[in-house]
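Peer 1: Before I ask anything, here is the structure I am working with.
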Amino acid sequence: MISRVHTALETIDPELGAFITVDAGGALARARHPPSGRAEGLLIAVKDLIDTADLRTTYGSTRYCDHIPRRTAPIVTDLEREGAVVIGKTNLNEFAYGVSGYNPHYGLMRLPQDRSRTPGGSSGGSAIAVAAGAADVGIGTDTSGSIRIPAACCGIFGFCCAARAVPLAGVHPLAPDYDRAGYLTRDVPTLQRILDIRQLPETSGLKVVSAAELQLPALPDEHWTLFREQAHRIHREAAVREPQTYGADLHVKLAQPVGDPVRARETMRAWRAEVDAALHGIDLHVGPVMDGPAPLTTDVLADYRDGTLHASEPLLAHTPTANALGWPALAVPTPDGPRQILGRPGAEPAILALGAEMSRAALPPSPGYQS
Numbered sequence: 001m002i003s004r005v006h007t008a009l010e011t012i013d014p015e016l017g018a019f020i021t022v023d024a025g026g027a028l029a030r031a032r033h034p035p036s037g038r039a040e041g042l043l044i045a046v047k048d049l050i051d052t053a054d055l056r057t058t059y060g061s062t063r064y065c066d067h068i069p070r071r072t073a074p075i076v077t078d079l080e081r082e083g084a085v086v087i088g089k090t091n092l093n094e095f096a097y098g099v100s101g102y103n104p105h106y107g108l109m110r111l112p113q114d115r116s117r118t119p120g121g122s123s124g125g126s127a128i129a130v131a132a133g134a135a136d137v138g139i140g141t142d143t144s145g146s147i148r149i150p151a152a153c154c155g156i157f158g159f160c161c162a163a164r165a166v167p168l169a170g171v172h173p174l175a176p177d178y179d180r181a182g183y184l185t186r187d188v189p190t191l192q193r194i195l196d197i198r199q200l201p202e203t204s205g206l207k208v209v210s211a212a213e214l215q216l217p218a219l220p221d222e223h224w225t226l227f228r229e230q231a232h233r234i235h236r237e238a239a240v241r242e243p244q245t246y247g248a249d250l251h252v253k254l255a256q257p258v259g260d261p262v263r264a265r266e267t268m269r270a271w272r273a274e275v276d277a278a279l280h281g282i283d284l285h286v287g288p289v290m291d292g293p294a295p296l297t298t299d300v301l302a303d304y305r306d307g308t309l310h311a312s313e314p315l316l317a318h319t320p321t322a323n324a325l326g327w328p329a330l331a332v333p334t335p336d337g338p339r340q341i342l343g344r345p346g347a348e349p350a351i352l353a354l355g356a357e358m359s360r361a362a363l364p365p366s367p368g369y370q371s
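Under UniProt numbering, the letters of the sequence shown match residues 1 to 371, in that order.
So this is what it looks like as structure tokens:
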């Protein structure tokens, strides 16, 4: 395990912007005597939105640049107890509020396969670490697609857990009703090892009864009313009180009007009923992860300079649906581009089984996806 840690540390390329903090000494110390368990031998890269005791946790913000939590979040300790070794804390959009793959305080994140593009976000650093081989598992969060988008851009698997499937204690909130935890891996067996620790059913012998690529009812704009209501509640006061500690893009987002939350909740209830009816008798929904390729770094930096969100908008065309429903979803790299598999809570084994199958088989290109 010690040699694996050394190899991983040598793999880290600062120009990719994957890590905010690399814990070389801590990783080597833990690798000498790791506990035996189901995650033994796995190297973990933890999104820097998630608390780690005695290891700097910035939340992607200068306000917390020297913050050392007292406790480690359960999503991390659950894997450490089973033998996993944390190698460091990964870069993210500031406070996880965005999918551009740029943090004005800790730098631009770049695709290992094409450094002219970002991996998207907000869990971009975790995706880079896994795709580049510096970690076996990336722990991330996903409020609108923040695991699945970077996974799709990096050509790896990204799993967003169902609502309340994984405890979010020790994870800095963004929009609590939509915040989810999850994992990024290069293959399904590794992902299954992690989900087994979460005590989800195994996939062996399972068959998918039905999967469809039908068009789901469009996510109403009122979803973003409720999203902004929660994000503003968490961040707006601090952004007004200490404006210099927030990046320009967050000021743009926090200045957006919220709308009418009461009306929005009614609209969203009706929409959920429509989705449920559309998927009646269907186990899983298969569709694109995003519209278009990973964003160019030049476009992302231009957006930041101009106070616009043009580069990010195509990335959010499909993924927020899972968060609005509270359902699990998996981004899958296929020979013809990334796909997303969505299912009801409890369908996790079927999602993984189909994901493994799809990653091996050529499929029709996802609508709107351009390589």
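Think of the CB as a built atom: it goes at the ideal place given N, C-alpha and C, for glycine as much as any other residue.
Just tell me which of T319, V188, I44 has its CA closest to the CA of V85.
Peer 2: For V85, the nearest C-alpha among the options comes from I44.
Peer 1: Closer than 8 Å is the cut-off here; do at least three beta carbon pairs connect the region 273-282 with the region 331-341?
Peer 2: The region 273-282, when compared against the region 331-341, does not touch it at the 8 Å Cβ threshold.
Peer 1: Please check the pair S122 and N93, which I expect to be a contact at CB under 8 Å, by giving their CB distance rounded to whole angstroms.
Peer 2: Contact holds; Cβ gap of about 4 Å.
Peer 1: In chain order, what are the residue ranges of uninterrupted alpha helix (DSSP H) at least 4 long that sit wholly in the region 54-123?
Peer 2: 74-80, all fully within the region 54-123.
Peer 1: How many Å lie between residue 387 and A181 at the Cα?
Peer 2: No statement about residue 387 is possible, as the shown extent of the chain runs from 1 to 371 and does not include it.
Peer 1: Just verifying my parser: in three-state terms, what is the DSSP assignment at H232?
Peer 2: It is helical.
Peer 1: Excluding the 5 residues flanking H232 on each side, which residues of the same chain have their C-beta closer than 8 Å to its C-beta?
Peer 2: These residues qualify, in order along the chain: L254, V258.
Peer 1: In or out: residue 375 buried (at least 16 other Cβ within 10 Å) or exposed?
Peer 2: Any question about residue 375 goes unanswered here, given that the chain covers just 1 to 371.
Peer 1: Across which residues does DSSP place T141 in a beta bridge pair?
Peer 2: T141 is bridged to A181.
Peer 1: Please report the distance separating the alpha-carbon of A270 from that of I194.
Peer 2: Cα-Cα distance, rounded: 35 Å.
Peer 1: Could you tell me whether the Cβ atoms of I149 and V99 are closer together than 8 Å?
Peer 2: For I149 and V99, yes; Cβs fall inside 8 Å.
Peer 1: According to DSSP, simplified to helix, strand and coil, what is G41?
Peer 2: Note: G41 maps to coil in three-state DSSP.
Peer 1: A273 by DSSP, collapsed to three states: which one?
Peer 2: Three-state result, A273: helix.
Peer 1: So, does the region 313-331 touch the region 158-177, judging by three or more C-beta pairs under 8 Å?
Peer 2: Touching, yes, given that three or more Cβ pairs across the two stretches are closer than 8 Å.
Peer 1: For Y64, which residues from the same chain have a beta carbon less than 8 Å from its beta carbon, with the 5 sequence-adjacent residues on both sides left out?
Peer 2: So the list reads T57, T58, once near-sequence residues are dropped.
Peer 1: Could you tell me the alpha carbon to alpha carbon distance between H251 and D13, rounded to whole angstroms?
Peer 2: Answer to the nearest angstrom: the Cα atoms are 31 Å apart.
Peer 1: From this set, A350, A129, A96, which residue's C-alpha is nearest L111's C-alpha?
Peer 2: Comparing Cα positions, the closest option is A129.
Peer 1: Return yes when the Cβ of L184 is within less than 8 Å of the Cβ of A132, no when it is not.
Peer 2: Contact flag unset, no.
Peer 1: Can you tell me which of Q256, L284, S359 puts its alpha carbon nearest to the alpha carbon of P345?
Peer 2: The option with the nearest alpha carbon to P345 is L284.
Peer 1: Return helix, strand or coil for Q192, following the three-state DSSP convention.
Peer 2: In this structure, Q192 counts as helix in the three-state DSSP scheme.
Peer 1: So, helix, strand or coil for I149, using DSSP?
Peer 2: I149 falls in the helix class under three-state DSSP.
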